[in-house]
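Just below is one structure, and these are the notes that go with it.
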Amino acid sequence: MRKVCIDTLWELAAEEVRKAEDEEEQSLHQRTVFFLGSKGGGKTTILLRCLDRDEPPKATLALEYTFGRRARGHNTLKDIAHLWELGGGDSLSDLVQIPVTPQSFSVVLVLDLSKPNFLWATATKLLQIVRMLMDKACSSSQRTGIPLTFRKDHPDRELTDPLPVPLLIIGSKYDLFQDFESERRKIICKTLRFLAHYYGGSLIFTSNRSDTMMSKTRMFVNHLAFGTEGGKSLCTDPSKPLMVPAGMDSLSLIGSPSTMDVDIGTLHARSALDLWKKVFEKIFPSENTSEHKELKDPAKDPQYSELVIDSMRAQKDQLNLWTDFILHILIIEGHSRVLQFRPGTQVHF
471 MRKVCIDTLW ELAAEEVRKA EDEEEQSLHQ RTVFFLGSKG GGKTTILLRC LDRDEPPKAT
531 LALEYTFGRR ARGHNTLKDI AHLWELGGGD SLSDLVQIPV TPQSFSVVLV LDLSKPNFLW
591 ATATKLLQIV RMLMDKACSS SQRTGIPLTF RKDHPDRELT DPLPVPLLII GSKYDLFQDF
651 ESERRKIICK TLRFLAHYYG GSLIFTSNRS DTMMSKTRMF VNHLAFGTEG GKSLCTDPSK
711 PLMVPAGMDS LSLIGSPSTM DVDIGTLHAR SALDLWKKVF EKIFPSENTS EHKELKDPAK
771 DPQYSELVID SMRAQKDQLN LWTDFILHIL IIEGHSRVLQ FRPGTQVHF
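In this note's numbering, the protein residues as written are 471 to 819.
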């Protein structure tokens with residue numbers, strides 16, 4: 471009988487282990503989910519609840535990053551979700567370009583249902599920016615997360631313009647929204663259904679005061695973050711929290727815009743999207759510009775205070791003030807000298 475060298479057996483075993491580890495590493499899934507939407511709309515709260523983190527939410531300054539891990543079955547390997555959150559509503563939308571990559575990517579748009587006058591402008595501006603940046607970041611052949619929102623035989627396939635990445639629209643603060651007058655509530659529901667359907671996304675209403683609604687929201691978010699089973703139930707009743715998975719709605723089911731006292735014939739819309747915009751903003755005039763006025767100077771926000779840095783910043787600001795004052799006096803007196811001095815240098819005239 472032929473003998474086999476023990477060293478050779480160990481080498482073969484080690485090689486098999488390395489192959490198994492390589493296959494396991496290759497099967498590791500990493501996804502990126504980007505949270506954006508209404509200022510103060512509850513993005514951080516939703517994100518923390520979806521990660522099962524019991525910690526008080528803090529206001530998002532600009533663009534913040536965290537991550538989540540999830541094990542697959544009994545496997546020790548955990549999938550990773552890279553989670554980005556944009557603060558400030560649409561006022562800091564230039565920062566959207568930072569986390570957008572050609573890798574597996576999805577968008578969660580959180581809209582504050584209690585402030586309908588901000589809904590349309592916030593949603594459409596941010597979604598247009600995401601579309602522009604995704605088109606710039608990768609060609610069609612490079613996209614790995616293109617959603618199959620509509621079947622080939624879906625009647626609205628040629629009438630909508632889905633994003634090239636999976637989209638989830640969350641209507642937050644349902645506990646406040648449910649107290650709205652029924653007709654206004656119906657208009658908001660139909661409009662958000664249209665926006666979600668037009669951009670190829672799912673739509674769900676939620677409230678951080680309801681464990682049931684947050685549990686359903688977590689299911690939708692985890693589907694994007696970890697590829698778990700997504701929501702399949704459908705609810706389009708405006709008297710209840712909406713839940714509409716992508717591809718399960720249609721323009722015929724949504725119907726025409728709710729007009730109340732608006733005469734559609736006088737609006738001169740260029741497209742279906744423009745028509746819905748004009749009807750909605752006739753009833754809920756846009757107030758998106760006020761978001762920019764409400765933003766505070768982050769350098770003066772007490773929750774981000776740093777004693778040493780703030781002290782140095784105060785000295786620099788004081789020096790700049792004196793520099794501007796001195797140059798102003800020199801200009802008035804007709805001096806043409808150019809002064810250069812460092813902090814702490816005494817300047818005599």
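For every residue, glycine included, the Cβ atom is placed at its ideal position computed from N, Cα and C. Please read all numbers here as calculations on a predicted model, not as lab measurements.
Does DSSP put residue i in a helix, in a strand, or in coil?
{"i": "M471", "result": "Residue placement at M471 is poorly supported in this model, since its pLDDT is 46, which falls under 50; the coordinates still yield a value, given next. M471: coil per DSSP, three-state reduction."}
{"i": "V635", "result": "coil"}
{"i": "Y669", "result": "coil"}
{"i": "D582", "result": "strand"}
{"i": "A593", "result": "helix"}
{"i": "R523", "result": "coil"}
{"i": "A529", "result": "coil"}
{"i": "F754", "result": "coil"}
{"i": "T759", "result": "Caution applies to T759, whose pLDDT of 45 falls short of 50 and renders its modelled position unreliable; the value that the coordinates give is listed next. Three-state DSSP puts T759 in coil, outside helix and strand."}
{"i": "I616", "result": "In this prediction, I616 has a pLDDT of 45, which is less than 50 and means its spatial position is unreliable; nothing more can be read from the coordinates."}
{"i": "M718", "result": "coil"}
{"i": "F650", "result": "coil"}
{"i": "S829", "result": "The chain is shown only over 471 to 819; residue 829 falls outside these bounds and no answer can be derived."}
{"i": "S508", "result": "coil"}
{"i": "S561", "result": "coil"}
{"i": "S685", "result": "helix"}
{"i": "E764", "result": "With a pLDDT of only 47 at E764, under the threshold of 50, the placement of this residue in the model should not be trusted; the figure read from the coordinates follows. Note: E764 maps to helix in three-state DSSP."}
{"i": "S611", "result": "In this predicted model, S611 has a pLDDT of only 41, less than 50, meaning its place in the structure is not dependable; the value taken from the coordinates is given anyway. If DSSP states are grouped into helix, strand and coil, S611 belongs with coil."}
{"i": "S726", "result": "coil"}
{"i": "S781", "result": "helix"}
{"i": "S806", "result": "Because S806 sits at a pLDDT of 47, beneath the cut-off of 50, its placement in the model cannot be relied upon, and the point is left open."}
{"i": "K622", "result": "coil"}
{"i": "L629", "result": "coil"}
{"i": "E776", "result": "coil"}
{"i": "D605", "result": "helix"}
{"i": "D794", "result": "helix"}
Tell me, which residues are paired with residue i by DSSP?
{"i": "T502", "result": "H552, F575"}
{"i": "T536", "result": "L553"}
{"i": "A541", "result": "K548"}
{"i": "F696", "result": "F696 pairs with nothing; no bridge assigned."}
{"i": "C659", "result": "DSSP lists no partner for C659."}
{"i": "G641", "result": "L581, F675"}
{"i": "M713", "result": "I674, C705"}
Assuming the contact rule is C-beta atoms closer than 8 Å, residue i and residue j should be a hit. Round their C-beta distance to whole Å, please.
{"i": "P708", "j": "K656", "result": "4 Å"}
{"i": "P715", "j": "Y644", "result": "The pair is not a contact, with the Cβ atoms about 18 Å apart (cut-off 8 Å)."}
{"i": "L506", "j": "L629", "result": "Contact doesn't hold; Cβ gap of about 26 Å is too wide."}
{"i": "N678", "j": "G512", "result": "6 Å"}
{"i": "P527", "j": "T536", "result": "The Cβ separation is near 12 Å, so there is no contact."}
{"i": "M713", "j": "S703", "result": "6 Å"}
Leaving out five residues before and five after residue i in sequence, what residues of the same chain have Cβ atoms less than 8 Å from its Cβ?
{"i": "L791", "result": "none"}
{"i": "S533", "result": "The sequence as given places Leu at residue 533; Ser does not occur at that position. Correct list, in chain order: W554, E555, L556, G557, L562, L565, I568, P569."}
{"i": "T687", "result": "I516, R519, C520, I640, I674, T676"}
{"i": "S720", "result": "H624, P625, D626, H667"}
{"i": "F647", "result": "L583, S584, G641, R655, I658, F675"}
{"i": "T682", "result": "none"}
{"i": "E525", "result": "L518"}
{"i": "H499", "result": "D549, I550, S574, F696, G697"}
Is the beta carbon of residue i less than 9 Å from the beta carbon of residue j?
{"i": "D623", "j": "G510", "result": "no"}
{"i": "V566", "j": "L579", "result": "no"}
{"i": "F664", "j": "P586", "result": "no"}
{"i": "V600", "j": "L638", "result": "no"}
{"i": "F696", "j": "A551", "result": "yes"}
{"i": "L694", "j": "S576", "result": "yes"}
{"i": "T706", "j": "W590", "result": "no"}
{"i": "R501", "j": "D549", "result": "yes"}
{"i": "D438", "j": "L743", "result": "Here the chain comprises residues numbered 471 to 819, so residue 438 is not present and cannot be evaluated."}
{"i": "S680", "j": "G700", "result": "no"}
{"i": "G670", "j": "G725", "result": "no"}
{"i": "R540", "j": "T698", "result": "yes"}
Can you give me the Cβ contacts of residue i inside the same chain, cut-off strictly under 7 Å, excluding the 5 residues immediately before and after it?
{"i": "P755", "result": "N587"}
{"i": "E757", "result": "N587, F588"}
{"i": "E751", "result": "W590"}
{"i": "T729", "result": "V749"}
{"i": "K763", "result": "With a pLDDT of 47 at K763, under the threshold of 50, the modelled position of this residue cannot be trusted, and the question is left open."}
{"i": "M684", "result": "R519, T676, N678"}
Going by beta carbon distance, what residues of the same chain come within less than 6 Å of residue i, once the five residues before and after it are set aside?
{"i": "E761", "result": "For E761, the predicted model reports a pLDDT of 46, less than 50, meaning its position is unreliable; a value from the coordinates is still stated below. For E761, where only same-chain residues beyond five positions count, the Cβ hits under 6 Å are K509, G559, S561."}
{"i": "I658", "result": "P586"}
{"i": "L737", "result": "K748"}
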